[in-house]
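**Student:**
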Amino acid sequence: MTISTLVHSHATVTAIGTYVPDRILSNQDLEKLVDTSDEWILKRTGIRERRIASKEQYASDLAIEAVRDLINRYNKTVQDVDYIILATSTPDSFVPSVASRVQAFFGMQNCGAADLQAACAGFTSALQMANGLLLSKLCRKILIIGTETLSRATDYTDRTTCILFGDGAGAMLVETTDPTSSPGDILASNASTDGEQGHQVYRSSLAPHIGSFELSQNSMLVQNGKEVYRWALSRVAAGIQELLDGSGYTAQTIDWFVPHNANQRIIDALSERVGFAAQQALSSIEHYGNTSAASIPLALDAAVKDGRVQPGHLLLLYGFGGGLTQAGVIMRWSI
Ligand code: UT7
Numbered sequence: 002m003t004i005s006t007l008v009h010s011h012a013t014v015t016a017i018g019t020y021v022p023d024r025i026l027s028n029q030d031l032e033k034l035v036d037t038s039d040e041w042i043l044k045r046t047g048i049r050e051r052r053i054a055s056k057e058q059y060a061s062d063l064a065i066e067a068v069r070d071l072i073n074r075y076n077k078t079v080q081d082v083d084y085i086i087l088a089t090s091t092p093d094s095f096v097p098s099v100a101s102r103v104q105a106f107f108g109m110q111n112c113g114a115a116d117l118q119a120a121c122a123g124f125t126s127a128l129q130m131a132n133g134l135l136l137s138k139l140c141r142k143i144l145i146i147g148t149e150t151l152s153r154a155t156d157y158t159d160r161t162t163c164i165l166f167g168d169g170a171g172a173m174l175v176e177t178t179d180p181t182s183s184p185g186d187i188l189a190s191n192a193s194t195d196g197e198q199g200h201q202v203y204r205s206s207l208a209p210h211i212g213s214f215e216l217s218q219n220s221m222l223v224q225n226g227k228e229v230y231r232w233a234l235s236r237v238a239a240g241i242q243e244l245l246d247g248s249g250y251t252a253q254t255i256d257w258f259v260p261h262n263a264n265q266r267i268i269d270a271l272s273e274r275v276g277f278a279a280q281q282a283l284s285s286i287e288h289y290g291n292t293s294a295a296s297i298p299l300a301l302d303a304a305v306k307d308g309r310v311q312p313g314h315l316l317l318l319y320g321f322g323g324g325l326t327q328a329g330v331i332m333r334w335s336i
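Going by our numbering, the first residue of the sequence shown is number 2, and it counts up by one from there.
The following block contains the structure:
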């Protein structure tokens, strides 16, 4: 695994915003659709309910609302953003990108725009790439977004997947700042991929195979939950430990662990393996379910809003999932 330790990167998160659709799909609602129970779902996943986009809402609509939230709360302008990196597995369309739609809505001039597909590692991958563009001085102000309408890619007759997924979006503004005036810094990052395990979580309507593995072709999310679970507890736990070891931090020196919210049991088991106390792990899974690329900003923003996360705190963000891929970032929070 590649670990890069970047001291004083000068890249600082200057605003965060989130959005979830109004409609709630509860465990009780799912009991009417498939053979499941509120008790089973809560015990096995920690999820009580998830949000579902309306018929008119696509990934770009959720993203735009998250950016609006960021603008309003932090009194920011996005007109001078010079790049949008948007992570999603459920785009409005293949072409144009969702990032282009966001650019068009806000009318930024001279702004690059690209979608990034790294499933549940999308948001942390976008943050790593934004950091690289800022460090290289190619950009000065970047909008990163994780947005998902997973309900459009969920088979509501499959009880092994439909209980997990929900819709939502999160956005962050990442800017080049003067290191003498800002404590905010992206301090270290890592990434690795086990592509030979790609068939364990997929969504396909094009290629019929991954290697010799035959894929369903209906554009719905399919997963081997048990295998992904096993992979998370072995490979992802090892990746988090490597990020800490490689950068000289420990679980005790990190204030908040913000993992991808796949399943509360995975969050608890990862915390235990790496040595985080249960209360250090931020989760939004109870009310939002697994929102893939949006789950990390949703969990983090809830703790920013209620005051748990404070300027100066050290965060370890860790995305993992489809690919199978993982990407982590250690950063100092500054807003
Ligand atoms: O972010 C995208 C990547 N995906 C993930 O991270 C998912 C990771 N995996 C998981 O979260 C868990 O594996 C699941 C929540 C998907 C499943 O939980 P589990 O504890 O691994 O359950 P299981 O697959 O071992 O199934 C246990 C039993 C089975 O019945 P039998 O064979 O023991 O009779 C299943 O058929 O539970 C049954 N089952 C259900 N029962 C009620 C599976 N789904 C359900 C359900 N309601 N929704």
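Quick reminder that beta carbons are idealized off the backbone N, C-alpha and C, glycines included.
Assign PHE166 to one of three DSSP states: helix, strand, or coil.
**Tutor:** strand
**Student:** Would DSSP call VAL259 helix, strand or coil?
**Tutor:** The three-state secondary structure of VAL259, taken from DSSP, is strand.
**Student:** Could you tell me how far apart the beta carbons of GLN118 and VAL330 are, in whole angstroms, since I believe they sit closer than 8 Å?
**Tutor:** That belief does not hold up - the Cβ atoms of GLN118 and VAL330 are roughly 18 Å apart, past 8 Å.
**Student:** So, are the CB atoms of CYS163 and LEU31 less than 9 Å apart?
**Tutor:** yes
**Student:** Can you find a heavy atom of the ligand UT7 that lies under 8 Å from the Cβ of THR150?
**Tutor:** Flag unset: Cβ of THR150 not near the ligand UT7.
**Student:** Pop quiz: GLY323 and VAL202 are said to be a contact at Cβ under 8 Å. What is the actual Cβ separation, rounded to whole angstroms?
**Tutor:** 4 Å
**Student:** Over what stretch of residues does the beta strand (DSSP E) that includes LEU116 continue unbroken?
**Tutor:** The question names Leu, yet the displayed sequence has Asp at residue 116. Here the beta strand (DSSP E) through ASP116 covers 113-117.
**Student:** Sorted by chain position, which residues of the same chain lie with C-beta nearer than 7 Å to GLN125's C-beta, five sequence neighbours on each side aside?
**Tutor:** Per the sequence shown, the amino acid found at residue 125 is Thr instead of Gln. Only ILE297, LEU318, TYR319, GLY320, ALA328, GLY329, VAL330 meet the Cβ criterion.
**Student:** Under 6 Å Cβ to Cβ from LEU63, same chain only, skipping five residues before and after it: list those, please.
**Tutor:** Counting only residues of its own chain and dropping the five nearest sequence neighbours on each side, LEU63 has a CB closer than 6 Å to the CB of TYR20, THR148, ALA170.
**Student:** Alpha carbon to alpha carbon, how far is THR251 from VAL103?
**Tutor:** 38 Å
**Student:** Is ASP36 close to the ligand UT7? I mean its beta-carbon at under 8 Å from any heavy atom of the ligand.
**Tutor:** Yes - the ligand UT7 has a heavy atom lying nearer than 8 Å to the Cβ of ASP36.
**Student:** With a Cβ-Cβ cutoff of 9 Å, do ASP36 and ASN28 count as a contact?
**Tutor:** no
**Student:** TYR289: buried (16+ other C-beta within 10 angstroms of its C-beta) or exposed?
**Tutor:** buried
**Student:** In the DSSP output, what is VAL175 paired with across the bridge?
**Tutor:** Looking at the DSSP assignment, VAL175 forms a beta bridge with VAL14, ILE143.
**Student:** Enumerated in chain order, which unbroken segments of the beta strand (DSSP E) with a length of 3 residues or greater are wholly contained in the region 268-334?
**Tutor:** The qualifying runs are 315-322, 326-333.
**Student:** Quick check on THR74: does DSSP put it in helix, strand or coil?
**Tutor:** According to the sequence as given, residue 74 is Arg; it is not Thr. Residue state for ARG74 is assigned as helix, using DSSP reduced to three classes.
**Student:** According to DSSP, simplified to helix, strand and coil, what is TYR203?
**Tutor:** strand
**Student:** What's the C-alpha gap between GLN281 and ALA154?
**Tutor:** 32 Å
**Student:** What does ILE85 pair with, by DSSP beta-bridge criteria?
**Tutor:** ALA114, LEU144
**Student:** Look up ALA54 in the DSSP assignment and say whether it is helix, strand or coil.
**Tutor:** Three-state DSSP puts ALA54 in coil, outside helix and strand.
**Student:** Under 8 Å by Cβ, that's how I've got ILE143 and LEU134 pegged, so tell me the actual separation to the nearest angstrom.
**Tutor:** 6 Å
**Student:** Can you tell me whether DSSP reads VAL105 as helix, strand or coil?
**Tutor:** Note on residue identity: the sequence assigns Ala, not Val, to residue 105. The answer is helix: DSSP assigns ALA105 an H, G or I state.
**Student:** Does the region 41-61 come close enough to the region 261-271 to have 3 or more Cβ pairs within less than 8 Å?
**Tutor:** yes
**Student:** What is the C-beta distance between ASN291 and PHE166, in whole angstroms, given that I count them as a contact (C-beta under 8 Å)?
**Tutor:** 5 Å
**Student:** CB-CB under 7 Å to SER284, same chain, minus the five flanking residues each way: which ones, in chain order?
**Tutor:** ASN262, GLN265, ILE268, ALA300
**Student:** Beta-carbon separation of SER220 and LEU26 under 9 Å?
**Tutor:** It is not a contact, given that the beta carbons lie outside the stated cut-off.
**Student:** Shortest alpha-carbon distance to PRO260 belongs to which of LEU316, GLY249, GLY108?
**Tutor:** LEU316
**Student:** Is TYR230 near the ligand UT7, judged by its Cβ being under 8 Å from some heavy atom?
**Tutor:** yes
**Student:** Since ASN191 and LEU244 are thought to touch, with beta carbons under 8 Å apart, how far apart are those beta carbons, to the nearest angstrom?
**Tutor:** 5 Å
**Student:** Does the ligand UT7 have even one heavy atom less than 8 Å from the beta-carbon of TRP41?
**Tutor:** yes
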